[in-house]
Amino acid sequence: MTMRTKDHHMPFVSSPFVTRRDVLVGSAATAAGLFLAEPGLATSLPNAPARSGLGTAYPRRDGPLKVRGAARFAAEHRFPGMVYGALVFSTIARGTIRRIETEAARAASGVVLVMTHENMPRLAPPEPFYASPTGMAGSAIPVMQDASVHWNGQPVAVILASTQEEADHAARLVRVDYEVAEAVTRFDDAAVGAPVAFYAGRDLQYRDGDAEAALAEAEASVDLEFSTPQQNHNQIELHAVTVAWQGGVLRMHDCTQGVDLSAITIAKVFGLDPSQVHLTAEFVGGGFGGKTLWQYHILAAAAARLAGRPVRMTLTREGVYRICGGRAPTRQRVALGARLDGRLTALIHTGTTMKIAQNSMTEPFMEAAEHMYRTDTMHLEIRAGVRDMLANTFMRAPGAAVGTFPLEVALDALAERLAIDPIELRIRNEPEVDPTTGKAFSQRALVGALREGAHRFGWQPRSGERLGRREGEWLVGTGMAAAYYPYKRFPGGAARITLGQDGRAVVELAVHDMGMGTGTATAAVAADRLGLPYEDIEIRYGDNRLPGNMIAAGSQQMAAIGAALTAARDALVAELAALVPAGAALHGRPAEALTTRDGALVLASDPATRMPLADLLARAERREVSAEAAAPPPSEAKEWSMHSTGAVFAEVRVNAVTGELRVSRITGVYDCGRILNSTLAASQFRSGIVMALGMALMENTLFDERSGRIANPSLAAYYIPAHLDAPEIDVAWTGIPDPEAPSGARGIGEISMTGVAASVANAVYDATGKRIHDLPITLDKLL
Amino acid sequence: MTITINGQPYDLPTDARVSLLDFMRERLDLFGTKKGCNQGACGACTVLIDGERVLACLALAAQYDGRSVTTIEGLADGEDLHPLQALFVKHDGLQCGYCTPGQIMSAIALSNEFSRGAPSSVTTDLDVPATPNREEIRERMSGNLCRCGAHNGMIEAITSYLSEHS
Ligand code: FES
Ligand code: FES
């Protein structure tokens, strides 16, 4: 069986309910051949040649360090003479600082500096994402350059003091008098006349045929409105930076998902050459899209320069909410028209989201609809209203996390109307080529994932009826949804490989590990490329002085790494080829004909013609050989439709008396190309599912529309899943390599954030008969 | 005024505002104990004080004169990880590792609580000492948030630890 699965202890095997196998044999197999009766969907699908080491469940390399508490995060480095920073945040959404009283703060004990727009060094505004290929900032708003206030929570003063306690105390002594200007803070106001959004180089709009007319004429249809609230990443590590000006160099210990892009963007702000910024982030306590460049970095560096002292700036939890953006709210409409056989005749997915004037980030929630299902007509459109608020930003599976919710709920409602099983409805609309681009899929096994998920979960096929049941005071139901996330690889991939005479290789590249296991997975890929044992590979990362500028975003990092390692391996082979001594069998062979395998330079066409690397280096009297190369530009996603898909199944229990909602089990099966490390992959998939359960059940940044201020800037008032909210999660994958992706892997960090909320909402409907269209699904909506 | 941390005595700070967490992190460079909220909501700062779990961000250092604190740095025996630390690695009960020290300290305290038979809010029968099961463990670990979603691996690790070491 080529299907690789992580068989976790599945709670339902011993549950009092019917087992998945019973269901499969009892119902699915008789359901008109809708499902594969036997497991192992991948057996009928093409197999790429197995590579040694890839897929092996190597344990996380930094695990022992982390369980000892010995991994050093951004706020855990120290410079001599370091002082502590605290911020004062604006309390109005828009206006001007008329007067800022800092005398008391200046006089407070331990205070070294009070910095406001009056004494802040004059700096260039930061480049936000998409403003240039290296923009890493959440917004282009200049940092404390004048008296203007752009959002409620903007930093208006920085205090530096000898201790954190002194800095915090002094921050409370600052008094600000504002000239309040009118601000747009209400969704409804900003939505009026909102233009079609321009995002990532295109208008977020797509039309094929007259979808409204097709909808009106459809034999069956649904037309539903949905909303999703603002959400925050809530990495458990507070955003922090420890900075020092060392000679002409700005040294920063940061927590970031983009060491290079951050360093370049900061260099531009301070008018430095990027080589004058040395930024490291060896450990990052969770990223999820939110560990990017925010005002605190620039304020800390500017204050450090002004005071002539190194600075540690750790945001308070409130501070994270005030100045580091989250996911924007959305209002969405999904309307589906279909023939009675289930074939879609119209797919409409439109809606409105919010952004700020100074960023280019629009939550692209139509992306799943663009690539998931065939349909006769389609209309997709996103409008973006501009509010005076903290910049919204990327949060795990931007677009798809909140976009799959209405799309997959609407499909469930349509399946009910058509009396077709929801899995079958999706299968009947499985496209042969990409529905919007017409390109061929590089690899796609959504149908296989749906069937395998149905099998693992014990899905009971249904034809329009609810199968929910009552157990005492609990209403139990099941639901499913598809998952979706695009393949991405950004330019900028590069790596350096240094091979020693001892046969060990050091691989250096400016990538990041916020918990994904990058170092561990990269070592396996490097071992594969170099033909060296996994144990003999050392990976260095998290430092902008290493090659490449690869951001850990868009689930693209492993693809970037894969392409970079191939290029660097080829460059290394060329170096090695030049060292082959006269008389050796490999002498005179062109580098392209050679490769490395089992610790030797070999002729690719005849690996028996070889020269051990140790001999080669010794004969050449070289202690080591080093090569660095950049990955070729990412053309694969232009030529092919490259997307990951998946299937999510949930069982929920709703208390009929209290409305309490528990997700009792969940299965996710993902089609993401090759899986590079089964342990890390299972953890990544579960990770996204847990965060998506938060989105489904509880997460909500309470944005006060009157003041533009976030009203729950605290982990005590913004709820995220706790242990009791996380059931045992069953995950599996097709593991079919994508022939167009480097390493065959399409990226796995975000897809499991998608589909989950819809599967839960659909299960809630099955249990209760209530279709919830507004996240989160809190108990008040179920009573 | 002294406090013992992982067997080492330290003079307590004179500034009464200093939390035990900031005392350890900023005055002693003991960074193993993490700060995720500084307001008692995340559990990242969990330490043991005389065997009981305490949120170090809510504890003023000066209150702990004469007391004995164990942090994540005090668990391993030199090169050898504490069995629970090893189980966290084995079951991949961590991703970024930032909540991890607090989770491990909480789980150790939880095992002490079970040995006393202390009930929790999901204990169904209060007449007999509470015993570990997944529901009990999840409930008792729910004060320790993990945003990376490493919950399954952690519960797996804690469950095997309790079955092997109690
Ligand atoms: S830092 Fe103490 S509970 Fe969060
Ligand atoms: S491992 Fe990252 S927060 Fe738990």
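If you're matching them up, the sequences are chains A and B in order.
Throughout the first sequence, residue numbering follows my numbering, covering 353 to 1135 in sequence.
Throughout the second sequence, residue numbering follows my numbering, covering 8 to 173 in sequence.
The C-beta atom is built at its ideal place from N, Cα and C for all residues, glycine as well.
Nothing here was measured: the structure is a model prediction, and the numbers come from that model.
(1) Counting along the chain, where does the beta strand (DSSP E) carrying A/R962 start and finish?
(2) Quick one: any contact between the region 83-94 of chain B and the region 103-118 of chain B, if contact means 3 or more CB pairs under 8 Å?
(3) Helix, strand or coil for A/I1027, going by three-state DSSP, please let me know.
(4) Taking one C-beta from the region 744-756 of chain A and one from the region 827-843 of chain A each time, how about it: are there three or more such pairs within less than 8 Å?
(5) Quick check: does the Cβ of B/T107 come within less than 7 Å of any heavy atom belonging to ligand 2?
(6) Between B/A63 and the rest of its own chain, which residues show a CB-CB distance below 6 Å, the 5 nearest in sequence each way excluded?
(7) Classify A/K990 as buried or exposed, calling it buried when 16 or more other Cβ atoms lie within 10 Å of its own Cβ.
(8) For ligand 1, any of its heavy atoms closer than 7 Å to the Cβ of A/A426?
(9) Looking at B/K42 and ligand 1, is the gap between the Cβ and the nearest heavy atom below 7 Å?
(10) Note down, in chain order, each residue of its chain lying with its Cβ closer than 6 Å to the Cβ of A/L388, except the 5 sequence neighbours on either side.
(11) What's the call for B/Q70, buried or exposed, on a 16-neighbour Cβ count within 10 Å?
(12) Measuring from the CB of B/R145, is there a heavy atom of ligand 2 at a distance below 7 Å?
(13) Between the Cα of A/T918 and those of A/E980, A/T997, A/T1086, A/L798, spot the shortest distance and give me the residue it belongs to.
(14) Terminal residues of the continuous alpha helix (DSSP H) containing B/M161?
(15) Tell me whether B/C49 counts as near ligand 1, meaning its Cβ is closer than 7 Å to at least one heavy atom of that ligand.
(16) Around the Cβ of A/L439, are there at least 16 other Cβ atoms within 10 angstroms (buried) or fewer (exposed)?
(17) Taking CB distances under 8 Å as the criterion, tell me whether A/K418 reaches chain B.
(18) Would you say B/G160 reaches chain A, if we count a Cβ-Cβ gap shorter than 8 Å as a contact?
(19) Using the beta-carbon of each residue, which ones in chain B are nearer than 8 Å to A/S1039?
(20) Hey, does B/E80 have any beta-carbon neighbour from chain A nearer than 8 Å?
(21) Is there a C-beta anywhere in chain B that falls below 8 Å from the one on A/V377?
(22) Which partner residues does A/A687 have in the DSSP bridge list?
(23) Pull up the distance between the alpha-carbon of A/V462 and that of A/A513, whole angstroms please.
(24) Following a CB-centred definition, is B/Q102 positioned closer than 7 Å to any heavy atom of ligand 2?
(25) Return the chain-ordered ranges of every alpha helix (DSSP H) run that is complete within the region 903-961 of chain A and spans a minimum of 4 residues.
(26) Specify, as a first and last residue, the run of the alpha helix (DSSP H) that B/A83 falls within.
(27) On the three-state DSSP scale, how would you describe B/R147?
(28) Using a Cβ-Cβ cut-off of 8 Å, state whether A/H1075 counts as contacting chain B.
(29) Which residues of the region 44-70 of chain B have a Cβ closer than 7 Å to any Cβ of chain A? Give them in chain order.
(30) So if DSSP puts A/V1006 in a beta bridge, which residue, or which two residues, is it bridged to?
(31) Identify which residue in A/S993, A/G561, A/G660, A/L602 has its Cα closest to the Cα of A/H649.
(32) Quick one, which of B/S75, B/K97, B/V25, B/L133 has its alpha-carbon nearest A/H521's?
(33) Are the region 940-949 of chain A and the region 922-929 of chain A in contact at 8 Å, needing three or more beta carbon pairs?
(34) Give me the chain B residues within the contact set of A/Q795, using Cβ-Cβ distance strictly less than 7 Å, ordered along the chain.
(35) Out of curiosity, what's the CA-to-CA distance linking A/L898 and A/M488?
(36) At what residues does the alpha helix (DSSP H) containing A/L870 begin and finish?
Based on what the coordinates show:
(1) Here residue 962 of chain A refers to the residue found at position 610 when the first sequence is read from its first residue. Start and end: 958-964.
(2) Proximity of the region 83-94 of chain B to the region 103-118 of chain B meets the contact definition, three or more beta-carbon pairs being nearer than 8 Å.
(3) As a first step, residue 1027 of chain A must be located in the first sequence, where it is residue number 675. A/I1027 falls in the coil class under three-state DSSP.
(4) yes
(5) In the second sequence, the residue the question calls residue 107 of chain B occupies position 100. Under cutoff, so the answer is yes.
(6) If you number the second sequence from 1, residue 63 of chain B lands on position 56. Excluding positions up to five away in sequence, the list reads L27, L28, T40, C52, V54.
(7) For the purposes of this step, residue 990 of chain A is taken as residue 638 along the first sequence, with counting starting at 1. So A/K990 counts as exposed.
(8) For the purposes of this step, residue 426 of chain A is taken as residue 74 along the first sequence, with counting starting at 1. A/A426 Cβ: outside cutoff for every heavy atom of ligand 1.
(9) Here residue 42 of chain B refers to the residue found at position 35 when the second sequence is read from its first residue. Yes.
(10) Residue numbering aside, residue 388 of chain A sits at position 36 when the first sequence is read from its first letter. Reliability of the predicted coordinates at A/L388 is poor, the pLDDT of 34 falling under 50, and the value obtained from them is presented with this limitation in mind. Around A/L388: R803.
(11) Walking along the second sequence from the start, residue 70 of chain B turns up at place 63. Result: exposed.
(12) By one-based count along the second sequence, residue 145 of chain B stands at place 138. Every heavy atom of ligand 2 is 7 Å or more from the Cβ of B/R145, so no.
(13) For this step, residue 918 of chain A is matched to residue 566 along the first sequence. Of the candidates A/E980, A/T997, A/T1086, A/L798, the one whose C-alpha sits nearest the C-alpha of A/T918 is A/E980.
(14) Position 154 of the second sequence holds residue 161 of chain B. For B/M161, the enclosing alpha helix (DSSP H) starts and ends at 158-172.
(15) Here residue 49 of chain B refers to the residue found at position 42 when the second sequence is read from its first residue. Flag set: Cβ of B/C49 near ligand 1.
(16) If you number the first sequence from 1, residue 439 of chain A lands on position 87. Its Cβ being crowded by 16 or more others within 10 Å, A/L439 is buried.
(17) Counting from 1 along the first sequence, the entry for residue 418 of chain A is found at position 66. Chain B, which has a Cβ nearer than 8 Å to the Cβ of A/K418, makes this yes.
(18) Numbered from its first residue, the second sequence carries residue 160 of chain B at position 153. Yes - at least one Cβ of chain A is within 8 Å of the one on B/G160.
(19) Translated into positions along the first sequence, residue 1039 of chain A becomes position 687. Going along chain B in sequence order, the residues near A/S1039 (Cβ under 8 Å) are Q102, C155, G156, A157.
(20) Position 73 of the second sequence holds residue 80 of chain B. True, the Cβ-Cβ gap to chain A drops below 8 Å.
(21) Position 25 of the first sequence, counting from 1, holds the residue named residue 377 of chain A. A caution first: A/V377 carries a pLDDT of 27, below 50, which makes its placement in the model too unreliable to give a value.
(22) To locate residue 687 of chain A, count along the first sequence from 1; it is residue 335. In the DSSP output, where bridge partners are listed per residue, A/A687 has A/D575, A/I700.
(23) Residue 462 of chain A sits at position 110 when you count from the first residue of the first sequence. Residue 513 of chain A sits at position 161 when you count from the first residue of the first sequence. According to the sequence displayed, residue 462 of chain A carries Gly and not Val. About 5 Å.
(24) By 1-based counting over the second sequence, the position of residue 102 of chain B is 95. Yes.
(25) 909-931
(26) The residue you call residue 83 of chain B lines up with position 76 of the second sequence. From DSSP, B/A83 is part of no alpha helix (DSSP H); its letter is neither H nor E.
(27) Translated into the one-based positions of the second sequence, residue 147 of chain B becomes position 140. Looking at B/R147 - three-state DSSP - the assignment turns out to be helix.
(28) Your numbering for residue 1075 of chain A matches position 723 in the first sequence. Yes, because at least one Cβ of chain B sits closer than 8 Å to the Cβ of A/H1075.
(29) C44, N45, Q46, A48, C49, A51
(30) By 1-based counting over the first sequence, the position of residue 1006 of chain A is 654. DSSP, once it has assigned bridges, lists A/L827, A/L1013 as partnering A/V1006.
(31) The residue labelled residue 649 of chain A in the question sits at position 297 within the first sequence. Out of A/S993, A/G561, A/G660, A/L602, A/L602 has the C-alpha closest to the C-alpha of A/H649.
(32) Working through the first sequence from its first residue, we reach residue 521 of chain A at position 169. Among B/S75, B/K97, B/V25, B/L133, the Cα nearest to that of A/H521 belongs to B/V25.
(33) yes
(34) One-based indexing of the first sequence puts residue 795 of chain A at position 443. Correct list: empty, because the minimum Cβ distance to chain B is about 27 Å.
(35) Residue 898 of chain A sits at position 546 when you count from the first residue of the first sequence. Residue 488 of chain A sits at position 136 when you count from the first residue of the first sequence. Approximately 18 Å between the Cα atoms of the pair.
(36) For the purposes of this step, residue 870 of chain A is taken as residue 518 along the first sequence, with counting starting at 1. A small fix is needed here, since residue 870 of chain A is Thr in this sequence, not Leu. A/T870 -> alpha helix (DSSP H) spans 870-882.
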